[in-house]
Amino acid sequence: MIKRIVAIYFSPTGSTKKIALAAAGELAKKQDLPLLEVDFTVPANRSLNFDFGPEDFVVAAAPTYAGKLPNKILPDLKDKLRGLKTPAAALVTFGNRSFDNSLAELVSVLKEDGFVPLGGAAIVCRHAFTDLLAPGRPAEEDLRQAAAFVRKCFDHAEDDRFDPESADLRVDGQADAPYYVPKGIDGQPARFLKAKPLTRKEKCTDCGICARVCPMASINPGDVTDVPGICIKCQACIRKCPEGAKYFEDKAFLSHVAMLEQNFREPKENAFYYLR
Ligand SMILES: Cc1cc2nc3c(=O)[nH]c(=O)nc-3n(C[C@H](O)[C@H](O)[C@H](O)COP(=O)(O)O)c2cc1C
Ligand code: SF4
Ligand code: SF4
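Each residue of the sequence shown is one higher than the last, beginning at 340 in my numbering.
Structure follows, in structure tokens:
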């Protein structure tokens, strides 16, 4: 008997959070159960341990980065979350190119962490890099499909015939596949691992929002033009700066964005997988 719904998400630009919270929130309301929200985007939260039991139902959500889970967050997903045959719904978002292997990796990590995934979903969202890929998504229909997916997983977990010991969810993709290699407009690998955002000083009001929203805590709050830490290109600082003062100038990064805009604008479908 499930007694609590949990929504855990990593979501620098907000789409994954929107879907996870809408779907888990709707379920909690319908079932009259408490909802625990765990925002894994906040660095301080990723230093905590989270333990769940068989009476929790967990919606775990993360975006696709280079065809897999964000690699700098992966160790925390592996080490800080612990389930005890805890039923779960695995959800990834992707920016209309492909989710490749991210859902398979999330399902695998959840299994290793002690969770029992009952379903996997990959939902199309606006690409964090550009508004031209999947604009306006998640739309109402995406949210409706995500809520129906989460409810179906929950109903299965509550079914008397459900046996967590024999459950073995299969989804498309390979958990241990290599990362997608981003291409530039010339079709060649675009190398922008070291790229960092720049600041238009004339626009910046020094409000500090960018430093607060960086999931890697990489922006110096005393001087936001200084980014001493690792940048995972998540775009949180770019999209959440109220003045539009942050930008990327790196040629390889911009070439990759141009390639995406040229080749991946045709709207994609969401994908859903369930335990048989
Ligand atoms: C560094 C990075 C890499 C990405 N790689 C992919 C990818 O391989 N395939 C894809 O379709 N979308 C990719 N995206 C788009 C994100 O998966 C998508 O925008 C996601 O919904 C962002 O989630 P958020 O709004 O919760 O931050 C990438 C985005 C970023 C920031
Ligand atoms: S969010 Fe924008 S305006 Fe605010 S400190 Fe950062 S760069 Fe400056
Ligand atoms: S500095 Fe890099 S990691 Fe930090 S919010 Fe900006 S894009 Fe994301």
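Where is the CB? At the ideal position from N, CA and C, for every residue including glycine.
Give me the residue from Ile341, Val563, Ala487, Thr355 with the minimum Cα distance to Arg551.
What you label residue 551 is simply residue 212 of the sequence shown in a count that begins at 1. When each option's Cα is compared against that of Arg551, the closest is Val563.
Is it the case that the CB of Ala460 approaches a heavy atom of ligand 1 more closely than 6 angstroms?
Mapped onto the sequence shown, residue 460 falls at position 121. The nearest non-hydrogen atom of ligand 1 is 6 angstroms or more from the C-beta of Ala460.
State the CB to CB distance for the pair Leu375 and Pro426, rounded to an integer number of angstroms; the pair is presumed to be in contact (CB under 8 angstroms).
By 1-based counting over the sequence shown, the position of residue 375 is 36. By 1-based counting over the sequence shown, the position of residue 426 is 87. That pair is no contact at about 15 angstroms.
Measure the alpha-carbon distance for Pro521 versus Leu614 and round it to whole angstroms.
Taking the first residue of the sequence shown as position 1, residue 521 is located at position 182. Taking the first residue of the sequence shown as position 1, residue 614 is located at position 275. Between Pro521 and Leu614, the alpha-carbon positions lie close to 32 angstroms from each other.
Is any heavy atom in ligand 3 found nearer than 6 angstroms to the beta carbon of Val596?
Locating residue 596 in the sequence shown gives position 257, where the first residue counts as 1. Checking every heavy atom of ligand 3 against the Cβ of Val596, none is found closer than 6 angstroms.
Specify which residues have a beta carbon nearer than 7 angstroms to any heavy atom of ligand 2, listing them in chain order.
Matched residues: Thr538, Lys542, Cys543, Thr544, Asp545, Cys546, Gly547, Ile548, Cys549, Ala550, Val563, Cys576, Lys579, Cys580, Pro581, Glu582, Ala584, Lys585.
Please report the straight-line C-alpha distance between Lys607 and Pro477, rounded to a whole angstrom.
One-based indexing of the sequence shown puts residue 607 at position 268. One-based indexing of the sequence shown puts residue 477 at position 138. Between the alpha carbons of Lys607 and Pro477 lies a gap of roughly 12 angstroms.
Met598, buried or exposed, once every other Cβ within 10 Å from all chains shown has been counted against 16:
For this step, residue 598 is matched to residue 259 along the sequence shown. Burial state of Met598 is buried, judged by a 10 Å Cβ sphere holding 16 or more other Cβ atoms.
Confirm, please, whether the CB-CB distance from Gly422 to Phe379 is below 7 angstroms.
On the sequence shown, residue 379 is found 40 positions in, with the first residue counted as 1. On the sequence shown, residue 422 is found 83 positions in, with the first residue counted as 1. For Phe379 and Gly422, no; Cβs fall outside 7 angstroms.
Counting Cβ pairs closer than 8 angstroms, one from the region 510-521 and one from the region 430-450, do we hit at least three?
Contact between the region 510-521 and the region 430-450 is present: 3 or more CB-CB pairs across the two stretches fall below 8 angstroms.
Taking buried to mean at least 16 other C-beta atoms within 10 Å of its own C-beta, is Gly434 buried or exposed?
Residue 434 sits at position 95 when you count from the first residue of the sequence shown. Buried, since its Cβ has 16 or more Cβ neighbours within 10 Å.
Three-way DSSP call (helix, strand, coil) for Pro414 in this model
In the sequence shown, residue 414 corresponds to position 75, counting from 1. Secondary structure of Pro414 (DSSP, three-state): helix.
Contact set for Cys492: own chain, Cβ-Cβ below 6 angstroms, skip 5 residues either direction:
By one-based count along the sequence shown, residue 492 stands at place 153. Hits under 6 angstroms: Ala428, Leu457, Gly458.
Closest by C-alpha distance to Lys590, when choosing among Met555, Leu532, Ala367, Ile571
Within the sequence shown, numbered from 1, the residue matching residue 590 stands at position 251. Check the Cα spacing between Lys590 and each of Met555, Leu532, Ala367, Ile571: the tightest is with Leu532.
Validate contact between the region 570-577 and the region 551-560 using beta carbons, cut 8 angstroms, 3 pairs
Contact holds: three or more Cβ-Cβ distances are below 8 angstroms.
Continuous alpha helix (DSSP H) stretch holding Ala575: start and end:
In the sequence shown, residue 575 corresponds to position 236, counting from 1. Residues 575-579.
Candidates Pro560, Val510, Lys535, Ser350: closest to Thr544 by CA position
Counting from 1 along the sequence shown, the entry for residue 544 is found at position 205. Per the Cα distances, Pro560.
Reference Leu416, options Arg465, Pro382, Asp498, closest by Cα
Stepping through the sequence shown from its first residue, residue 416 is reached at position 77. Ranking the options by Cα distance to Leu416, first place goes to Pro382.
Please classify Lys369: does DSSP put it in a helix, a strand, or coil?
Along the sequence shown, read from residue 1 onward, the residue named residue 369 stands at position 30. Helix at Lys369.
Collapsed DSSP secondary structure at Lys590 in the structure displayed:
Numbered from its first residue, the sequence shown carries residue 590 at position 251. Correct three-state label for Lys590: helix.
Under DSSP, the alpha helix (DSSP H) around Ala427 begins and ends at which residues?
Within the sequence shown, numbered from 1, the residue matching residue 427 stands at position 88. No alpha helix (DSSP H) contains Ala427, which is instead part of the beta strand (DSSP E) from 425-433.
Is Val381 near ligand 3 - that is, is its Cβ less than 6 angstroms away from at least one heavy atom of it?
As a first step, residue 381 must be located in the sequence shown, where it is residue number 42. No, since every heavy atom of ligand 3 falls outside the 6 angstroms radius drawn around the Cβ of Val381.
Under 6 angstroms from any heavy atom of ligand 3, does the C-beta of Pro414 make it?
For the purposes of this step, residue 414 is identified with residue 75 of the sequence shown, where counting begins at 1. Remark: the C-beta of Pro414 is outside contact range of ligand 3, defined as less than 6 angstroms to any heavy atom.
In the DSSP assignment, the beta strand (DSSP E) including Phe311 goes from what residue to what residue?
Here the chain covers residues 340 to 615 and nothing more, so residue 311 does not appear.
Give every residue of the same chain whose Cβ lies closer than 6 angstroms to the Cβ of Ala486, excluding the five residues on either side of it in the sequence, and list them in chain order.
Position 147 of the sequence shown, counting from 1, holds the residue named residue 486. Around Ala486, the same chain offers Ala362, Glu365 as residues with beta carbons nearer than 6 angstroms, after the five sequence neighbours per side are excluded.
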